[in-house]
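In order, the protein sequences belong to chains A and B. In terms of this note's numbering, the first sequence is residues 1 to 640. In terms of this note's numbering, the second sequence is residues 641 to 940. Ideal Cβ placement from N, Cα and C applies to all residues, glycine included. This structure is a prediction, so every number in the text was calculated from the model and none was measured.
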Amino acid sequence: MADLLGISTSGLLSNQRALTTAGHNIANVNTEGYSRQRVIMSTRTPSPSGAGYYGNGVHITSVDRIFNQFNMDQVNTYTTTTSELDIYHSLASQVDNMLANPEAGLSPVVQDFFGAVQGVADDPASIPARQVLISNGEALVDRFGYLDQRLEDLSEQVNGEISFLVDEVNSVAAQIAKINERILLASGAGTGAAPNDLLDQRDLLITRLAENISVTTTVQDDGQLNVFIGNGQPLVVANSAASLSVTRNQFNPGQSEITFSGSAGTSIITDSLTGGKLSGVVDFNKNMLEPARNALGRLAIGIADSFNQQHQLGQDLNGVLGGNFFADPTSTIPEAFASINNSGTGVMAAVITDIGALQVSDYQLNYDGANYTLTRLSDNTATVFAGLPIDVTATDGFTISLSAGAVNAGDSFLIRPTYQGASGIDMALSNPAEVAAAAPIIAQAGFANIGNSTISAGYVDSATQPPVDVNLQQPVTITFTGPGTFDVVGVGTGNPVGVAYTPGANISYNGWVMQIDGAPAAGDTFTVGPNTDGVGDNRNALSLADLENQNILIGGTANFQATYGQVIAEVGVKTHQAEVNLNAQSILLEQSIAVHTSVSGVNLDEEAANLIKYQQAYQASGQVVAIANQLFQDLLFAMR
Amino acid sequence: MRVSTAYSHYLGANAITEQQANSHKTQLQLSSGKRILTPSDDPVASAISISMDKTIAQIEQYEKNIQVAKSRLQQEETVLDGATNILQRVRELTVRGLNDTLSPSERQGVAAEIYELKDQMLAIANTRDGSGDFLFSGNKSQTQSFTETPPGTFNWQGDQGQRFIEIGQGRQVATDDSGFEVFYKIPDGAGGFQSVFQTVLDTADNLNIDAPQQTDLVKLDAALQNVVTVRSTVGSRLNAIDSQQEVNATQKLDTQVSLSELRDLDYAEAISELNIQLAGLQAAQQSYIKVQGLSLFDFI
C-alpha cells in the first residue's frame, strides 16, 4: 500500500538530489567544457488496488548531461580553422612588419647605394667618392644579411613551433586514451549510465586537440572514442594512442617533417594535415616564408650580378679592366641537396645563367633510370630531359650539371637557385682605385680633319660582353676615302675597306660602339683606342648608375625597387587575406560557441529559479512528512 | 535563445577588448601620422609608395648632380672670360703693332707684353678645379693639358673626352669642353689648323723682328671667335640646367603630394574615428557592468 511517509520521503530525497545537481551546475558555472546536468524524475511504479492504481511517489531515473554532439562537432570544426588562421596571421604579421619598416627595410640602402654611384660619376678621380661607394655597397650587403637573418629566425621559430605542437598533440592523445579507459570503467561500474563529468573532460580534450590538428571522431559501442587525423590515420583507438614525431626533410636538414607512427608503420603526413595550428605553421612556412626568402634572394642576386656585368665593362683608376664589384653569385649561391633516400652518390651543381628569367621557386629533380624530370615546385610544372646537363636558362634562368658521383634510378634532388641570395651577397672589392668608373676605350677625331663632323665618345656593347672582346682596346683607325665611305685598319676588325657611311649610325668593331655624324671629308681620320690616363672619365659610372632604372628582373618587367615593392605587396596581400579570413572564421566560431553554450551552458538565473523550485518542493514534501507524522501521532493517540 | 552565464560574460568582455584594439590601432596611426602602418593595411599602395620614394630620392640626387655641374661650368665660364680678355688685349696690341708709325724698338716693347700674355694664356688653359683635376684635359684629368716643351713647341696632352653629368631623368649635360676644341684646333685660314698659343707666339715673334703679319691678326680673330663660341655654349648649357632644375622641383613636389595622399593620415577622419571608437568602448564597458549586475541571486 502507498505509504505517506515513504512518498514524502521520496519527494524529499528526489528534490534534495535535484537541489544537489542544481548546486553542482552553479558550482561549475565557470568550468571550461562543463555541460549542465539535469535530474530526470519519474513516478515510482504505482501499486494496484481495487479502486485503481495508487502512485508511490517519485524517484530519479537519470542524471542527464544536456549536450548536443552536432553542436560540439561544429565548435571543433571552427576551432580548427580559426586556430590555423590565427597562427598563420600572427606569423605572417611578423614578416609584414619587418619588411614595412621604412628605415630598416631595403629601399633606403638601395637608394643610397645608387646615389653613391652618382657621386662617383660626379667626380670619378676622387678617392673619397669611391670610398663612399664601397661603404654603401657594404651597407647594402649588410642590410640584405640582416633581413635574411630575421627570416632565418622565423624559420627556426617555425621548427620550434612544430616540435612544440607535436608534443602537445601527443600529450593530449595520451590523455584521451587514458580517459577512454576511465569512462569504460565508470560506465561499467555504474548501471551503464554515462559518467557525465568524464565525458565533459574528454570533449574538452578533443577541442584542445582540434586547435592543433584537424580531427574526426567516432564513438564505439562501449562508449570509447576513436580519433582520426590527416588522411584517416588513427591517433587514438580505445585506450591506446599513436604518436606524431618530427624528422628532417629528405633533402633539407633544416626543414621539419611531421610523421605518424602507428601500427601500420611510419608515414610522413606534413602535407596531408588539413587544419589546426600545425597546418597553419606548415602553410606559413611553405607559402609565405620560403617564397619571401627566395624573392629577397632573387633581388640580391639580380643587383649583384647586373652590377658586376656592367662593372666588368669599365676601367679602374689604374687603367685595369673592371673585375667583380660584388662576389659573383651565379655559381656560389644556388644549392643542390641530395635526398637521404638516394642510393646513388650523385652530387648536383646549379649555375645561374639569366637573372631576368629567375623564378621565385625551388625545384625537384628526379631520375627514373632513363630520364630526368625537373619540377618547378611553385606551380608543379614538370619538364622531362634525356640527360645532364640540364639547361633551363630561357624559362628559369639556370643550368644543372653533375659535379661528382653517379646517379641511380629513383634518386632525387632539391635545387634551390635563389634561396641563399640575401645571406650570400658580399663585396668583392675593397680598394677604391679598383672601382671601374671609366670606359676602357675612347673615340677621337684627327687633328687635321677638315670635314664638319662629330664623333661620339663610344661605349662598350653590353649585349654580348662580358667577357670583353680580346681586341677591345686595340687601336683602330677609320679613314674616310670619300664623303660616303671609309676604310678600317686595326687588329680584330678584319681591315674592311669601302664601308658605307651613314651619318649617326652605329659603327662597331671589337666590342665597342660609336657614331660619326655630319659630313667628313676625304682624308679625315677617326681613332678608337684605349682610354689611357682617362681617370676623369665617368662613362661606366653613368652606366652603372642607370642600372637602377632598367627593367632587369622578372622577365625584364621590373627594376630593383619595383621588384622589392612586389615582394612587400605579396607579403601584405597574404597577411591581409589571412586577417580577413581569420575575422570571418572567428565569427563562425563565436556563433557555434553561442549555439553550443545555449544548449549546454549553465545560466545562473535559471539555476537560481531551479533552486527555488526544488526548495519549495522539498519544503512541501517536508510538510507532508510532518503531516504523516501528525497522522501517526493522531493514530497513536487514538489507540491510548 | 538561451544564453549561458559564461557566454554572456565572454560577449561583454570581448566587445570591450575589440573596441580597445580598434582604438589602439587608430592611436598608432595618429601618433605616426601614417595611414599605412604595415603593407597588409594597403598592399598596392605600399608597393606604389616604394616606387615614389625612389623617384623622389633620384630627383634629390639630380639636385646634387646639378650643383656639381653648375660649379664646373661656372668655373669654365670664368676661365673662358679670362681667355677672351687676354686674346682681346693681344689683338689690341697686335693692331697697334701693325701700325706703320711704330719704331722697331716700340714694336719690341709690344712683343714683350705679348710674350707675357702667351704665358698667361698657357697658364689659364692649364687651370685646375677644386679637386685638382685639369679643366681642359678631357678624360685625362690628372695630366697637364698643355706643355711648351721645348720652348716654342706646344704639346696637347689631354684627350677629346667630355664629362657628362645626369641632371634629370634621361638628361645628361656636358660639364666641360676639351682643350682640343677650345685652344688647340683653330683654323689657320689656309686650310690647316694651329693652336692659339702658337698664334700668339708667332705674333710676338713677328713683332719682335719688326715684321708684323696681317695673317696673324686673322688667326687671332679665329682663335677669339672660337673661345667666344665655346663660352656661349657654356652659357646656354647653364641655362638648360636652370630650367631642368625647375622641372625637377616641380616633379619632386608632384610626387611628394601623391605620396602623401597615398601614405599619410587624414587627421580629421582619424580623430573622428577615434572618438567613435572611444564612445563605443565606453558604451561596451558600461553596458557590461549593467548587464552583469542583474542577477536573480540578488533577490533570493
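Please list the partners that residue i has in chain B, where partner means a Cβ-to-Cβ separation under 8 Å.
i, result
"L553 of chain A", "By Cβ distance, chain B contributes nothing, its closest Cβ being about 14 Å from L553 of chain A, past 8 Å."
"Y564 of chain A", "I690"
"N97 of chain A", "T678"
Can you tell me the Cα-Cα spacing of residue i and residue j, whole angstroms?
i, j, result
"G11 of chain A", "A238 of chain A", "41 Å"
"R182 of chain A", "S214 of chain A", "25 Å"
"S508 of chain A", "T345 of chain A", "50 Å"
"P475 of chain A", "V567 of chain A", "47 Å"
"I301 of chain A", "T332 of chain A", "11 Å"
"S126 of chain A", "T767 of chain B", "18 Å"
"Q748 of chain B", "E732 of chain B", "15 Å"
"N136 of chain A", "A327 of chain A", "15 Å"
"N603 of chain A", "E590 of chain A", "18 Å"
"A438 of chain A", "G536 of chain A", "7 Å"
"L553 of chain A", "V407 of chain A", "34 Å"
"I26 of chain A", "K674 of chain B", "50 Å"
"T393 of chain A", "D354 of chain A", "6 Å"
"Q809 of chain B", "W796 of chain B", "35 Å"
"V281 of chain A", "A908 of chain B", "40 Å"
"D487 of chain A", "T479 of chain A", "5 Å"
"L841 of chain B", "G319 of chain A", "36 Å"
"G451 of chain A", "P520 of chain A", "4 Å"
"Q224 of chain A", "S171 of chain A", "18 Å"
"N510 of chain A", "A428 of chain A", "28 Å"
"P329 of chain A", "A304 of chain A", "7 Å"
"G556 of chain A", "A357 of chain A", "8 Å"
"Y419 of chain A", "G297 of chain A", "5 Å"
"T581 of chain B", "L198 of chain A", "No answer is possible for residue 581 of chain B: the residues shown for chain B start at 641 and end at 940."
Which residues in chain A sit within 8 Å of residue i, going by Cβ to Cβ distance?
i, result
"L608 of chain B", "With chain B represented from 641 up to 940, any question about residue 608 of chain B goes unanswered, as that position is not in the structure."
"Q922 of chain B", "Simply none; closest approach about 23 Å."
"F786 of chain B", "None at all; the shortest Cβ gap to chain A is about 14 Å."
"T825 of chain B", "Going by the sequence as given, residue 825 of chain B is Lys instead of Thr. Here the neighbours are F447."
"G628 of chain B", "Given a span of 641 to 940 for chain B in the structure shown, any question on residue 628 of chain B remains unanswerable."
"K780 of chain B", "T532, D533, G534, V535, G536"
Give every residue of the same chain whose Cβ lies closer than 7 Å to the Cβ of residue i, excluding the five residues on either side of it in the sequence, and list them in chain order.
i, result
"Q896 of chain B", "I696"
"K277 of chain A", "S83, E84, I87, L165, E211, N212"
"R17 of chain A", "V39, I60"
"L713 of chain B", "T815, V874, R877, L878"
"D283 of chain A", "Y88"
Whose C-beta lies closer than 6 Å to the C-beta of residue i among residues of the same chain, with five residues either side of it excluded?
i, result
"G801 of chain B", "G778, N779"
"V735 of chain B", "none"
"I269 of chain A", "G230, I258, F260"
Residue i versus chain A: which residues are under 7 Å apart at the beta carbon?
i, result
"M641 of chain B", "S598"
"T783 of chain B", "D533"
"S644 of chain B", "T597, S598, G601, V602, N603"
"P683 of chain B", "A569, G572, V573, H576"
Check the Cβ of residue i against every Cβ in chain A and list those closer than 9 Å, keeping chain order.
i, result
"G819 of chain B", "Here the premise fails: no neighbours, minimum Cβ distance about 13 Å."
"I805 of chain B", "Q118, A121, D122, N538, L542"
Strictly below 9 Å CB to CB, what residues from chain B border residue i?
i, result
"E84 of chain A", "Those within 9 Å of E84 of chain A in chain B number zero; the least Cβ separation is about 18 Å."
Comparing the CB of residue i with every heavy atom of the ligand ATP, is any distance shorter than 7 Å?
i, result
"F823 of chain B", "Ligands are entirely absent from the displayed structure, and the ligand ATP is therefore not among its contents."
Measure from the C-beta of residue i to each C-beta in chain E and report whether the shortest distance is under 8 Å.
i, result
"N705 of chain B", "Reference to chain E is not applicable here, since the protein chains of this structure are A and B."
For residue i, go through chain B and note every residue whose CB falls closer than 7 Å to its CB, in chain order.
i, result
"A594 of chain A", "Y647"
"S126 of chain A", "S771"
In chain order, what residues of the same chain have a beta carbon less than 8 Å from the beta carbon of residue i, not counting five sequence neighbours either side?
i, result
"V95 of chain A", "L151, L154, M288, L289, A292, V571, T575"
Original post:
Hey, is the segment 583-597 of chain A in contact with the segment 73-84 of chain A, meaning 3+ C-beta pairs nearer than 8 Å?
Top reply: yes
Original post:
So, do the segment 335-342 of chain A and the segment 371-385 of chain A have three or more beta carbon pairs nearer to each other than 8 Å?
Top reply: no
**OP:** Report the residue ranges of all alpha helix (DSSP H) runs contained in full by the segment 97-142 of chain A; include only those spanning at least 4 residues, in chain order.
**Re:** 107-122
Original post:
Should the segment 574-581 of chain A be regarded as contacting the segment 144-161 of chain A, the criterion being three or more beta carbon pairs within less than 8 Å?
Top reply: no
Subject >> Unbroken stretches of the alpha helix (DSSP H), 4 residues or longer, contained in the segment 287-352 of chain A >> reply: 290-311, 329-332
Original post:
On the three-pair Cβ rule with 8 Å, is the segment 396-405 of chain A touching the segment 496-508 of chain A?
Top reply: no
Original post:
Taking contact to mean at least 3 C-beta pairs separated by less than 8 Å, is the segment 304-318 of chain A in contact with the segment 456-466 of chain A?
Top reply: yes
**OP:** Check whether the segment 439-447 of chain A touches the segment 525-532 of chain A, counting contact only when three or more Cβ pairs, one atom from each stretch, lie closer than 8 Å.
**Re:** Touching, per the Cβ criterion.
Subject >> Inter-stretch contact at 8 Å, needing at least 3 Cβ pairs: the segment 820-837 of chain B / the segment 847-864 of chain B >> reply: yes
Original post:
If we count Cβ pairs, one from each stretch, closer than 8 Å, do we get three or more for the segment 653-663 of chain B versus the segment 920-929 of chain B?
Top reply: yes
Subject >> In chain order, each alpha helix (DSSP H) run of at least 4 residues that lies wholly inside the segment 645-732 of chain B >> reply: For the segment 645-732 of chain B, the continuous alpha helix (DSSP H) assignments of 4+ residues that do not extend past its boundaries occur at 645-672, in sequence order.
Subject >> In chain order, each beta strand (DSSP E) run of at least 3 residues that lies wholly inside the segment 770-847 of chain B >> reply: As far as the segment 770-847 of chain B is concerned, its whole beta strand (DSSP E) runs of at least 3 residues are 786-788, 794-796, 804-808, 811-814.
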